[in-house]
Each structure stands twice: as C-alpha cells, then as structure tokens.
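Chemist: If you scroll down you'll find the structure; I have some questions about it.
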Amino acid sequence: MEPLNATDLSAPTEMPAASPYLERRVGRLHLTVRTDWNSPAFIAFLSGELNAPRALEKIERIPSSVNTAVYRIEAFRRPVYLKVFLYNHWRHAMTAPFAASKGHRAWTAGRWMDARGFLTPPLLALGEERRLGFIRKSFFVTEEVAGVRLSKLLEQKELLDCYSGGRLFERIGKLLGAFHREGMIHGDLNVTNFLVRSVEPLGPPEIYFLDNEGCREADPTRAAAMALDDLRSFFGRQVRSLPIDAQREILEGYLSEYPAMRASRPMLEQGLRIG
C-alpha cells in the first residue's frame, strides 16, 4: 500500500451540527471522519504515519479487483476495512479531474443509502488528495460487519437452508425492488456485493449492500431498461442455478416493492431467463 504522506496535522473544522462527521486537512490530504473516530491514532493511520510493527501486523490484504486495494485492520477498537482506489489506466488519469473520485462516489452512495434505510457497512472516514485537479489518493474506511457474502451462502446448501427459513429470497427481491423504486441503479449488482447478517433470534437476516461506488440515479426515460440491466448482473450463474421457485420468489418480492415494473414482467422474465 502506497504510504499516505502528510505532516500538517491541522485542527479539524467542524461541519454543521446535524452531521456526525467533521472535515480536516493533513498536508494535501482532505479527510472526512466520523466524529467518534476522530482520534490521533486513527488520523495518523489515515495519513500514513502509523508505522509501529505491532499495529502493522494486524493489517490483512483482502483479495479484490485490479483497480482497488482492500485491507482488514485490527489496530483499533473494532476491526475496520480500508478500501483504496487505484488509478492505473491512462483513461482514469485523463477523466479524474472532471469527475468525483470513486471514494467520494462510494461515500455519497453510502450516505444516501443510510438516509433511506438501506444497509451498508457504517462509514468511518473518506480520504482524497488531488494535485492540479488530478486524483493522487482516494480511499474510504468502514466498520466491519459480521456476516457472510451472499455468493458464499449460495454455495453452502445447509447454511442457505437455515437462512431461507426467513424467506431470504423474497427479502432479497423486496430489497432490490425498493432500491430501484427510489430511482437508483447500483451498477455492480452481483451476489458478491451483498452481505447477509443473521440477527436470530431477534428477527430475519439483515442484507447489506457492498461496493457501492457505481451507484447513480436512473435516467427517468430509461428507468425500466436500466433496472433490468442491474437485475441481469444479480441473476448471474449462481442465482440462475437456484430452483425456479426461488428465482420467482425473488422476482415476486421485487415486483411487490416496485409495482410500476409489473407491466414489464414479461420483459423481466425473458431478460432474466426465468422459466
């Protein structure tokens, strides 16, 4: 991981009282940090100054795409995940000055989801450094949520049977329908980007959205087509290998939350290859 160099630990500037976050600059690095995590050790880590071997031993690199570096860190009071966005291609460098960073887009999507009751790992910090408009660093940090990826759950029949008792497939469909009904498109809606957390015996499992940097508002003139493209990503090999009844349960849940799509049901079933 490239060190996040900084020397100027300037005093934080408080954001409006309603916000649980504050902003501060550390050298050229601009940080947005949740107020209850605004500790010297956490800020020093984000700025690349935490070099103690004891702490570094608690950092684990997590497999991810070629455009990101993801780390699980146990150096603080609770495990956290750091996701660093890499700008490796010349096209990234050319377009970056004219667009929000991937980290900022993921952060904005997370705040949007939280405000509307959709679950995503709690946001702790956002970091960005630009020079002459070009992005040099872009990352964000979330709390760890204990759970299992939906992709792993679908591979383990015994475990899946336990969750299915809580009408898991219907709940997934309702979640996707509610999300699209709000006029949002995820952009990377595959089974690896959902985390399922058991809260038994208190209630049904919770489902978290992950990797949200591709979220965007749907074009109102193409909302149905964009929703179908999003659903196609979800109905990949693992979902299509489920029994037809389970696939239909997902679709029924989806349409119950997004009734405006009922007229497009034949298009959905054909596009998703159900039946």
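No gaps in the numbering here: position 246 of the sequence shown is 1075 in my numbering, and each next residue is one more. Just so you know, even glycine gets a beta-carbon here, dropped at the ideal spot from N, CA and C.
1) Quick check on H1015: does DSSP put it in helix, strand or coil?
2) Going by C-alpha distance, which of G1012, F1008, S967 is nearest S876?
3) Beta-carbon within less than 6 angstroms of S1093's beta-carbon, same chain only, minus the 5 sequence neighbours each way: which residues are those?
4) Would you identify the three-state DSSP class for K887, choosing helix, strand or coil?
5) Should I891 go down as buried or exposed, given a rule of 16 or more other Cβ atoms within 10 Å for buried?
6) Taking only the alpha-carbon atoms, compute the straight-line gap between L851 and R1077 and give it to the nearest angstrom.
7) Consult DSSP for G962 and reduce its assignment to one of helix, strand or coil.
8) Within this structure, are the beta carbons of V977 and V1025 separated by less than 7 angstroms?
9) In terms of residues, what are the limits of the alpha helix (DSSP H) holding T937?
10) Using only CA atoms, which one of R853, R907, K887, R934 lies nearest to L1039?
11) Taking Cβ positions only, does P849 come closer than 7 angstroms to chain B?
12) For Y992, which three-state DSSP category applies?
13) According to DSSP, is L1097 helix, strand or coil?
14) Cutting at 6 angstroms between CB atoms, please list the residues of its own chain near A938, excluding the five before and the five after it.
15) State the DSSP-derived secondary structure class of F968, mapped to helix, strand or coil.
16) Comparing C-alpha positions only, which one of R901, K981, R853 sits nearest to E889?
17) Return yes when the Cβ of A1075 is within less than 7 angstroms of the Cβ of H1009, no when it is not.
Modeler: On the basis of the supplied data:
1) coil
2) S967
3) A1053
4) coil
5) exposed
6) 45 angstroms
7) coil
8) yes
9) 931-944
10) R934
11) Among the chains of the structure shown, chain B does not appear; only one protein chain is present.
12) helix
13) helix
14) N1041, C1044
15) strand
16) R901
17) no
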